[in-house]
Amino acid sequence: MRVDFAPGRALAIARKEVRHVLRDPFTLALALGLPAALVVFFGYAIDFDVRDITLVVRDSDQTRVSRQFAEIFASSGYFRTVEPSPGSGVLRELDTQRASGVLLIEPDFAQRLGGGKTAEAQFVLDGADNTRASAILGYLPGILRSARRRLLGDVPAERVSLATRFLYNHELNTRWFVIPGLAVIVMGLLAIMLTALTVAREWENGSMELLLSTPVRPSEIILGKLAPYLGLGLVGAVFIYLTARLGFGVPFRGSHLLYLLLSLLFLTASLAQGLLISIATRQQQLAMQLSIITGLLPSLLLSGFVFPIESMPVFFQYFTSILSQKWFMMISRGVFLQGSGLSDLARPILGLGVIALFLLAMAAKRFKRDLEP
Amino acid sequence: MNRTILAFLRKELSQSLRDPRMRIVIFLLPIIQMTVFGLAISTEIRGIRLAAVHAPADAAARQLADRFYASGWFVPATGSGQDPYRLIASGRADAVLVAPTGGLTKALGRGPASLQLLVNATNATKARSIESYAAAIIAGETAPDRPGAPQPGIELDVRILYNPAMESSIFMVPGVMGMILCLVTIILTSMSLAKEKELGTFETILSAPLRTWEILLGKTLPYFLLGLADAVLVLAAAVIIFSVPVRGPLWMLALASVVFVAATVGVGTLVSTIAASQQQAMLGSFLFLFPAVLMSGLMFPIENMPPAILWVAQLNPLKYFVTLMRDIMLKGGDGRVFATNLSVLVLMAAAVGAASYRRFRQRLN
Chain U
71 MRVDFAPGRA LAIARKEVRH VLRDPFTLAL ALGLPAALVV FFGYAIDFDV
121 RDITLVVRDS DQTRVSRQFA EIFASSGYFR TVEPSPGSGV LRELDTQRAS
171 GVLLIEPDFA QRLGGGKTAE AQFVLDGADN TRASAILGYL PGILRSARRR
221 LLGDVPAERV SLATRFLYNH ELNTRWFVIP GLAVIVMGLL AIMLTALTVA
271 REWENGSMEL LLSTPVRPSE IILGKLAPYL GLGLVGAVFI YLTARLGFGV
321 PFRGSHLLYL LLSLLFLTAS LAQGLLISIA TRQQQLAMQL SIITGLLPSL
371 LLSGFVFPIE SMPVFFQYFT SILSQKWFMM ISRGVFLQGS GLSDLARPIL
421 GLGVIALFLL AMAAKRFKRD LEP
Chain C
11 MNRTILAFLR KELSQSLRDP RMRIVIFLLP IIQMTVFGLA ISTEIRGIRL
61 AAVHAPADAA ARQLADRFYA SGWFVPATGS GQDPYRLIAS GRADAVLVAP
111 TGGLTKALGR GPASLQLLVN ATNATKARSI ESYAAAIIAG ETAPDRPGAP
161 QPGIELDVRI LYNPAMESSI FMVPGVMGMI LCLVTIILTS MSLAKEKELG
211 TFETILSAPL RTWEILLGKT LPYFLLGLAD AVLVLAAAVI IFSVPVRGPL
261 WMLALASVVF VAATVGVGTL VSTIAASQQQ AMLGSFLFLF PAVLMSGLMF
311 PIENMPPAIL WVAQLNPLKY FVTLMRDIML KGGDGRVFAT NLSVLVLMAA
361 AVGAASYRRF RQRLN
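Those protein sequences? They're chains U and C, same order as listed.
Just remember that this note's numbering sits 70 ahead of the position in the first sequence, which is counted from 1.
Just remember that this note's numbering sits 10 ahead of the position in the second sequence, which is counted from 1.
Below is the structure:
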């Protein structure tokens, strides 16, 4: 069977879909306003620094030196000392979440230090929350170094010193890294949800039967259903861009045209994912379950948004390649912060393109199968 | 038991579970998801691609680079010996160690030498870890959680409680469990009522001689039970697959799950009483789920958020459930922590329950 594509028919489907969206102001307002609102909210909210770590000091030495040592922890800016609860052990402090860490100073701390021996202290850390625990572990060497400098005074100069230069984000502003990533998550999820119900709804309401009895071709339906949401998603993306640039001062070092085109590609992939779910399920409740399950958690946890992909086991470094969000995450951060061009981004662009094409083809194929009894 | 409720129960359960695909979504996907996230995610930064730029004859620089690679955090980047900035810009290296001009070996002969480390700071948190790892390696120290040569002067012995090996799965699983329960129950509940509204069958139910509470309970109890079944499944999978410890009493775990699922089913019901169509129910649920998942404390610490945002985070039932799960599973269930977090969840469940009931009655009158 030859597929003859008539733009007029696709346009008619698109017009119907636009009218459907316009009739539902709640959905329209969410589609347009939600992306920027989420980026503003979480742009402010997300902060990876761990500060105000509650610390209980149990000083068995009670000398000037031991108090000085404890004071170095308190004045580091990371810790906030809290009073030990009377009569309870170290474990109780952590069990009851009164403290995240306990510093135990041994009775002969000052004596040993004065006598040129190694003074001992113990740091007990709440390991129930890995992100917090690893942040605290990262602070300890620096604190210990400054304690040695202050209490011993004669630390030999290191033979090799390190001058670190942070490229692309000199001040390590976490917002610069969070916001281009948040843009990916929000755009992707919204796009999946916009199309996830379109076809399933028509099956449930019975209007799909009507549509099928007309001469409209599958490719026309798919295009007609994608195009309006592509426009809607793009407006959302522009809002996000403006929020990032004007609201948070995130630098944009790459090409605007490239970013626009790749945003379109990413939106297409996400919309196609929603459409495929919709076509395959024919049922709104299931479509929604699947779109949130395949959309929300994987894009937050496996796209490299917070947890770097390079730190995953090798299998998952490859496995995550099926997520369009992973590729667009690389593109978004690259274009925003690094000013990456076409050649730098060849791999992510290829990955994203393959996923978009695959999802579109799958959607068209499933749909055609539905049409031909 | 009330006959109406039983009838509802039978109808809702058979409606949700009739479709085999739905059975997969409700019972199998949660386990798969938890397994994937538990295995994949690591909170420790590893596999940092490091390139060392130095002259081939520079033995000291090469030795130092080897120390980086031997640490386990760094792996060699492909294509060293090029322009260091290009290596980072092209994404082939995350960090580049640049020896001083003339070579490190020569510089050391003259006295203390300085090396440059270029770090791709596109990911600011990762950049910070790279710097602290590098500083530790340069200083000849080992990380505090790895036993090493004691430093003269002051020795700090670090002990990590509850999860000494800092295994990611032990940290992730209680959180992911809450997320999955939240997703499944809220979507099921919110869509089920919205669907009846969309199809017009809701009017039929309303016109039947049923009490408000009967309808409400009949529409929510089945999803509450499905949620609990999921809780048991996911928990069992967590214990079997990841050997996540359960150090606290089981009744605490059960009570916490019951109250949490009641709260999330309540949220789903509230969403569905407001939404007019399934599309709106879906967007409404998303509006709750997205912030709830992000502010669960799993991805970034919530304690440091600005005060205005912090109180929004205090309204997140997921946050309390994750705290409860960690408290019970890892810490053995401290009574005070359990009581406070559970009572907040009870209050939340009561509040959303009452709100849905009121909205429901408004519709009836």
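For glycine and all other residues, C-beta sits at the position ideal for the given N, C-alpha and C.
Alpha helix (DSSP H) segment containing residue i, residue limits
i	result
residue 337 of chain C	327–339
residue 299 of chain C	288–304
residue 131 of chain U	First-last for residue 131 of chain U: undefined, no H or E at that position.
residue 43 of chain C	39–50
residue 228 of chain C	222–252
residue 16 of chain C	13–27
residue 319 of chain C	317–324
residue 32 of chain C	30–33
CA nearest to the CA of residue i, picked from the options
i	options	result
residue 29 of chain C	U:430, U:181 and U:355	U:355
residue 181 of chain U	U:395, U:76, U:145 and U:134	U:134
residue 321 of chain C	C:268, C:259 and C:305	C:305
residue 230 of chain U	C:110, C:258, C:212 and C:362	C:110
residue 207 of chain U	U:217, U:317 and U:194	U:194
residue 140 of chain C	C:83, C:164, C:124 and C:282	C:83
residue 78 of chain C	C:37, C:51 and C:127	C:127
residue 178 of chain C	U:396, U:141, U:371 and U:318	U:371
residue 149 of chain C	C:74, C:130, C:268 and C:251	C:74
residue 61 of chain U	U:126, U:105 and U:331	Outside the displayed span of chain U (71 to 443) sits residue 61 of chain U, for which this structure offers no information.
residue 359 of chain C	C:338, C:285 and C:279	C:279
residue 353 of chain C	C:313, C:269 and C:329	C:269
residue 245 of chain U	U:109, U:413 and U:92	U:109
residue 235 of chain C	C:292, C:26, C:213 and C:170	C:26
residue 98 of chain U	U:287, U:439 and U:305	U:305
residue 164 of chain C	U:233, U:211, U:232 and U:235	U:211
Helix, strand or coil at residue i [DSSP, three-state]
i	result
residue 130 of chain C	strand
residue 213 of chain C	helix
residue 171 of chain C	strand
residue 78 of chain U	helix
residue 86 of chain C	strand
residue 178 of chain C	helix
residue 166 of chain C	strand
residue 285 of chain C	coil
residue 412 of chain U	coil
residue 123 of chain C	strand
residue 111 of chain C	coil
residue 376 of chain U	coil
residue 308 of chain C	coil
residue 67 of chain C	coil
Span separating the alpha-carbon of residue i from that of residue j
i	j	result
residue 155 of chain U	residue 164 of chain U	11 Å
residue 365 of chain C	residue 223 of chain C	13 Å
residue 112 of chain U	residue 323 of chain C	11 Å
residue 420 of chain U	residue 337 of chain U	15 Å
residue 284 of chain U	residue 290 of chain U	12 Å
residue 363 of chain U	residue 218 of chain C	35 Å
residue 172 of chain C	residue 149 of chain U	21 Å
residue 367 of chain C	residue 198 of chain U	38 Å
residue 194 of chain C	residue 359 of chain U	7 Å
residue 135 of chain C	residue 361 of chain C	38 Å
residue 57 of chain C	residue 202 of chain C	46 Å
residue 121 of chain C	residue 70 of chain C	13 Å
residue 313 of chain U	residue 283 of chain C	33 Å
residue 130 of chain U	residue 188 of chain U	16 Å
residue 403 of chain U	residue 250 of chain U	6 Å
residue 100 of chain U	residue 116 of chain U	22 Å
residue 156 of chain C	residue 54 of chain C	Note that residue 156 of chain C scores 38 on pLDDT, short of 50, meaning its location in the model is unreliable; the coordinates nonetheless yield the value given after this. Going by the C-alpha atoms only, they are around 14 Å apart.
residue 322 of chain U	residue 105 of chain U	19 Å
Bounding residues of the beta strand (DSSP E) (the contiguous stretch that carries residue i)
i	result
residue 192 of chain U	189–196
residue 232 of chain U	230–237
residue 58 of chain C	58–63
residue 149 of chain C	Careful: residue 149 of chain C lies outside any beta strand (DSSP E) and carries neither H nor E.
residue 108 of chain C	105–108
- [ ] Any chance you could list the alpha helix (DSSP H) runs of at least 4 consecutive residues sitting entirely within the segment 281–369 of chain U, in chain order?
- [x] 288–312 and 326–351
Open item on the list: I'd like the ranges of any alpha helix (DSSP H) spanning at least 4 consecutive residues and lying wholly in the segment 243–270 of chain U.
Closed with: 244–266
Open item on the list: Extract the residue ranges of the beta strand (DSSP E) inside the segment 135–217 of chain U, only unbroken runs of 3 or more that lie entirely within it.
Closed with: 149–152, 171–175 and 189–196
TODO: Scan the segment 78–128 of chain U and note each continuous alpha helix (DSSP H) run of 4 residues or more that stays entirely inside, going in chain order.
DONE: 95–115
TODO: Counting only runs of 3+ residues fully inside the segment 384–408 of chain U, write out the beta strand (DSSP E) ranges in chain order.
DONE: none
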